[in-house]
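Worksheet: the structure to be examined is printed underneath.
Residue numbers (my numbering): 5 to 726.
Rendered as structure tokens:
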């Protein structure tokens with residue numbers, strides 16, 4: 005019951021908050037903030053209940069959505085439910101100040117609460133089907149976040165986000181169907197033993213590739229990352245914090261669910277994830293370095309950090325039973341990245357709330373003489389950069405050590421290349437975070453600096469509290485890593501099926517500090533040699549990234565909007581509108597003409613030709629009328645109109661009597677003669693027309709839906725029987 009409440013409480017509160025918001029803005033804000041903190045309390049309560057019971061919690065709704073919904077609350081889910089509820093509490097506490105002068109606030113809070121419940125459902129799911137149901141709800145309820153501002157850029161980014169979500173969801177659903185057909189189960193705990201008993205079949209890899217496509221798209225994995233750098237800059241800052249820190253992790257959850265269960269210890273699968281993670285890690289860092297937009301830089305940074313996490317997932321598959329460091333580094337970097345982006349996007353929201361600008365050249369110097377904002381951003385930047393004594397250093401150290409361990413165990417030369425890309429990407433992280441910090445908090449604006457320095461009340465007290473609490477988490481986790489972060493890793497071990505480490509990890513040992521020192525040196529060199537020289541012209545930051553290298557405009561939009569329609573249009577031109585049969589008919593006529601010339605108009609060829617034409621004409625009519633016959637058959641059977649019911653007769657009589665009353669009133673007013681019944685006749689005919697039109701529309705929609713379902717079933721049968 006408690007698990008169901010964690011999902012459906014915020015969903016149920018969403019329409020209530022919307023209704024309250026139509027009358028009272030403060031009442032709606034208070035309700036939303038209260039729901040966020042109640043959700044945090046429920047997560048803590050579930051953790052305490054699990055500890056007292058000494059076992060994982062479970063719940064479910066049988067028969068819902070066909071296969072039913074099943075939930076589970078183990079150590080990993082407990083950690084992330086606490087993370088999600090804390091993030092939503094802080095963003096909801098920050099939102100009233102941020103949205104003080106915005107429009108469509110009621111809509112924002114409505115979908116904020118709906119998405120909270122759906123995201124909880126993803127992480128609490130005990131099987132892939134339950135995860136998919138809530139994953140799709142989450143994708144659609146978070147779409148209004150991206151389009152919130154309704155600018156041209158927001159509308160375009162929202163279309164991209166929705167397209168990726170829909171296509172990714174459909175592909176993932178196909179993979180889930182294939183997996184269910186091959187294994188007979190979708191429960192995470194049963195995937196590994198069932199797949200092992202069935203043997204490694206090619207269909208499993210096909211299904212997993214489809215699921216990886218769907219969840220990887222939400223995670224921001226290359227080459228499906230196209231929505232991420234565009235959605236974050238246009239979305240409100242509190243929503244950006246959740247898109248980056250929470251929703252991308254739902255995609256990572258799906259990848260972990262497959263990697264840690266279906267392909268546990270599979271080196272081939274681990275290699276695929278490692279390659280995709282390495283490319284995502286490096287490309288995201290490069291895009292962030294080139295960006296001169298504050299929120300876009302943080303968005304590309306999210307892509308890069310997701311790459312770090314995927315590197316850990318890949319190493320788990322490659323190392324097999326020696327995956328302790330990779331598993332612990334993966335889950336800790338997931339948690340750390342959520343904490344980083346909560347702080348950094350709230351800082352970016354503070355800047356935008358006061359200046360309505362995000363270009364580094366326009367916001368330069370805003371953070372000077374603002375101690376709270378400076379400290380919060382500095383903690384976030386140092387943490388994500390992997391500086392010792394902060395939480396990011398711990399998870400990056402574990403990931404780096406897993407790569408080093410893989411180099412020794414696997415003896416592969418390309419693992420050394422992965423290690424250096426890992427260290428170089430860490431250096432780029434420090435370079436672009438230094439670029440942001442220097443621009444906002446060190447440099448001076450050439451014109452508006454005095455105005456910026458005079459902004460003393462740049463945050464409300466609730467917003468300042470949210471920013472302070474969020475930032476405080478980073479050093480607390482880093483300084484108490486042996487207790488807090490090791491405890492988090494231990495809790496998540498069962499879900500990740502990570503082996504216990506052979507020995508305790510000494511985070512501040514010279515060997516571990518060496519990797520951080522290399523990344524710091526690379527970051528300093530890149531910042532001084534590249535950012536301060538090549539990426540600045542005349543004292544201004546310049547975006548040198550070629551606009552033509554936009555993967556969406558370069559590949560995806562031409563593919564979906566031009567190439568595929570052209571190909572299918574060409575196929576339709578061949579087979580559609582009887583063009584193929586028309587060509588065949590012309591050929592038959594030509595052959596008939598030749599035969600007529602050869603044999604003349606005799607009694608044999610003439611009747612034969614007439615018979616051939618009669619048969620052809622009959623077949624043509626049969627083929628052309630087949631669809632109409634199908635429509636008529638369906639309407640006469642499945643969609644047959646029911647006889648007119650008694651209530652329709654009553655409705656007809658009521659409309660007629662209402663018209664009679666109007667006629668009587670018109671007679672008394674002198675505008676109508678007695679017995680004319682003009683209004684009665686018109687109302688009766690109007691009611692009949694409306695009813696018949698409704699029945700026709702309902703029938704047409706039912707037929708269209710039936711045809712759509714039939715087509716989908718045909719495709720599924722074809723795929724499953726191949």
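Note that the Cβ used here is the ideal one computed from N, Cα and C, for glycine as well.
Item to check | Beta-carbon contacts of residue 51 that lie in its chain and below 6 Å, excluding the five residues immediately before and after | outcome: For the purposes of this step, residue 51 is taken as the residue at position 47 of the chain shown. Non-local beta-carbon contacts of residue 51 in its own chain, meaning distances under 6 Å to residues more than five positions away in sequence, involve 82 in chain order.
query: At what residues does the beta strand (DSSP E) containing residue 64 begin and finish?
result: What you label residue 64 is simply residue 60 of the chain shown in a count that begins at 1. Residues 61 to 65.
Just to confirm the assignment: which complete alpha helix (DSSP H) runs, minimum length 4, are found wholly within the region 416 to 503? Listed in chain order, the complete alpha helix (DSSP H) runs (minimum 4 residues) inside the region 416 to 503 are 417 to 441, 453 to 457, 465 to 483, 488 to 500.
What does the Cβ neighbour count give for residue 341, buried or exposed, with the cut at 16 atoms within 10 Å? For the purposes of this step, residue 341 is taken as the residue at position 337 of the chain shown. It is buried - the Cβ of residue 341 has at least 16 other Cβ atoms within 10 Å.
Any idea if residue 33 is buried or exposed, counting beta-carbon neighbours within 10 angstroms, 16 or more meaning buried?
Working through the chain shown from its first residue, we reach residue 33 at position 29. Residue 33 should be labelled buried.
| said: Going residue by residue through the region 41 to 86, where are the continuous alpha helix (DSSP H) segments of at least 4 residues, counting only ones entirely within it? | reply: Complete alpha helix (DSSP H) runs here, min 4: none at all.
Worksheet item: Using the C-alpha atoms, what's the distance from residue 467 back to residue 461?
Response: Position 457 of the chain shown, counted from the start, is the residue given in the question as residue 461. Position 463 of the chain shown, counted from the start, is the residue given in the question as residue 467. Pairing residue 461 with residue 467, the inter-Cα distance amounts to about 11 Å.
For residue 368, count the other beta carbons within 10 Å of its own beta carbon; 16 or more makes it buried, fewer makes it exposed. Which is it? Residue numbering aside, residue 368 sits at position 364 when the chain shown is read from its first letter. Under this definition residue 368 is a buried residue.
Counting pairs of Cβ atoms below 8 Å between the region 370 to 380 and the region 484 to 497, do you hit three or more?
no
* Asked: So residue 273 is in the alpha helix (DSSP H); what residue range does that whole segment cover?
  -> Against the chain shown, residue 273 aligns to sequence position 269. For residue 273, the enclosing alpha helix (DSSP H) begins and ends at 271 to 294.
Out of 147, 103, 61, 489, which has the shortest C-alpha to C-alpha gap to residue 162? Taking the first residue of the chain shown as position 1, residue 162 is located at position 158. Among 147, 103, 61, 489, the Cα nearest to that of residue 162 is on 147.
**OP:** On the DSSP bridge assignment, give the partners of residue 30 in chain order.
**Re:** Stepping through the chain shown from its first residue, residue 30 is reached at position 26. Per DSSP, none; premise fails for residue 30.
- Task: Using only the heavy atoms of the ligand HEM, determine whether one of them is closer than 6 Å to the beta carbon of residue 559.
- Result: With respect to small molecules bound, the structure shown includes none, and the ligand HEM cannot be examined in it.
When 212, 211, 187, 210 are compared against residue 200, the one with the closest alpha-carbon:
Within the chain shown, residue 200 is the residue found at index 196, counting from 1. The residue with the shortest Cα to Cα distance from residue 200 is 187.
For the region 213 to 228 and the region 239 to 258, state whether three or more C-beta atom pairs, one from each stretch, are separated by less than 8 Å.
yes
>> So, for residue 62: in the same chain, excluding its five sequence neighbours on each side, which residues have a beta-carbon less than 6 Å away from its beta-carbon?
In response: Within the chain shown, numbered from 1, the residue matching residue 62 stands at position 58. Taken in chain order, the residues that qualify are 76.
Alpha carbon to alpha carbon, how far is residue 94 from residue 650? Give it in angstroms, no decimals.
-> By 1-based counting over the chain shown, the position of residue 650 is 646. By 1-based counting over the chain shown, the position of residue 94 is 90. Note that residue 650 scores a pLDDT of 38, beneath 50, so its modelled location is shaky and nothing firm can be said.
Margin query: Am I right that residue 385 and residue 320 are in contact with their C-beta atoms under 8 Å? What's the rounded C-beta distance?
Written below: The residue labelled residue 385 in the question sits at position 381 within the chain shown. The residue labelled residue 320 in the question sits at position 316 within the chain shown. The pair is not a contact, with the Cβ atoms about 28 Å apart (cut-off 8 Å).
| request: Determine the direct distance from the alpha carbon of residue 693 to that of residue 346, and round the result to whole angstroms. | output: Mapped onto the chain shown, residue 346 falls at position 342. Mapped onto the chain shown, residue 693 falls at position 689. Residue 346 and residue 693: Cα-Cα distance of roughly 57 Å.
- Query: Mind checking residue 250: buried by the 16 CB within 10 Å criterion, or exposed?
  - Reply: On the chain shown, residue 250 is found 246 positions in, with the first residue counted as 1. Per the 10 Å Cβ criterion, buried.
### Task
Would you check if the region 452 to 459 and the region 534 to 551 touch, i.e. whether three or more CB-CB distances between them fall below 8 Å?
no
- Taking the alpha helix (DSSP H) that residue 242 falls in, what are its first and last residues? Taking the chain shown and counting its residues from 1, one reaches residue 242 at position 238. Note, residue 242: alpha helix (DSSP H), 241 to 246.
Going by beta carbon distance, what residues of the same chain come within less than 7 Å of residue 119, once the five residues before and after it are set aside? The count along the chain shown starts at 1 and reaches residue 119 at position 115. The residues are 142, 145, 146.
Q.
I'd like to know if the region 407 to 424 and the region 524 to 533 are in contact, where contact means that at least 3 CB-CB pairs between them fall below 8 Å.
A. no
Which residue spans inside the region 180 to 239 form an unbroken alpha helix (DSSP H) run of at least 4?
-> 192 to 202, 206 to 223, 232 to 238
- Nearest to residue 72 by alpha carbon, out of 133, 98, 113? As a working mapping, residue 72 is identified with position 68 in the chain shown. When each option's Cα is compared against that of residue 72, the closest is 133.
Can you have a look at residue 282 and say buried or exposed, based on whether 16 or more other CB atoms are within 10 angstroms of its CB? Taking the first residue of the chain shown as 1, we reach residue 282 at position 278. Burial call: buried.
>> Using only CA atoms, which one of 91, 175, 152, 65 lies nearest to residue 130?
In response: Along the chain shown, read from residue 1 onward, the residue named residue 130 stands at position 126. Cα-wise, what sits closest to residue 130 is 65.
**Asked** Who does residue 511 pair with in a DSSP beta bridge?
**Response** Position 507 of the chain shown, counting from 1, holds the residue named residue 511. DSSP lists no partner for residue 511.
Margin query: Quick check on the DSSP output: the alpha helix (DSSP H) that includes residue 535 runs from which residue to which?
Written below: Locating residue 535 in the chain shown gives position 531, where the first residue counts as 1. For residue 535, there is no enclosing alpha helix (DSSP H), as DSSP marks it with neither H nor E.
* Asked: Does the beta-carbon of residue 647 have 16 or more other beta-carbons within 10 angstroms, so that it is buried, or is it exposed?
  -> What you label residue 647 is simply residue 643 of the chain shown in a count that begins at 1. Confidence at residue 647 is low in this model, with a pLDDT of 43, below 50, so its placement is unreliable and the value that follows should be read with caution. It is exposed - the Cβ of residue 647 has fewer than 16 other Cβ atoms within 10 Å.
Q | Short Cβ contact (7 Å threshold) for residue 158 with residue 179 | A | Locating residue 158 in the chain shown gives position 154, where the first residue counts as 1. Locating residue 179 in the chain shown gives position 175, where the first residue counts as 1. Against a cut-off of 7 Å, the Cβ pair of residue 179 and residue 158 comes out as no contact.
Is it right to say residue 674 is buried, meaning 16 or more other beta carbons lie within 10 angstroms of its own, or is it exposed?
Walking along the chain shown from the start, residue 674 turns up at place 670. Label assigned to residue 674: exposed.
Q: Output the distance between the C-alpha atoms of residue 535 and residue 294, rounded to the nearest integer angstrom.
A: Here residue 535 refers to the residue found at position 531 when the chain shown is read from its first residue. Here residue 294 refers to the residue found at position 290 when the chain shown is read from its first residue. For residue 535 and residue 294, the distance between alpha carbons rounds to 9 Å.
### Query
Do the CB positions of residue 11 and residue 79 come within less than 7 Å of each other?
For the purposes of this step, residue 11 is taken as residue 7 along the chain shown, with counting starting at 1. For the purposes of this step, residue 79 is taken as residue 75 along the chain shown, with counting starting at 1. Result no, Cβ atoms of residue 11 and residue 79 do not sit closer than 7 Å.
Practice item. Determine the direct distance from the alpha carbon of residue 440 to that of residue 521, and round the result to whole angstroms. Key: Position 517 of the chain shown holds residue 521. Position 436 of the chain shown holds residue 440. In this structure, the straight-line span from the alpha carbon of residue 521 to that of residue 440 is close to 21 Å.
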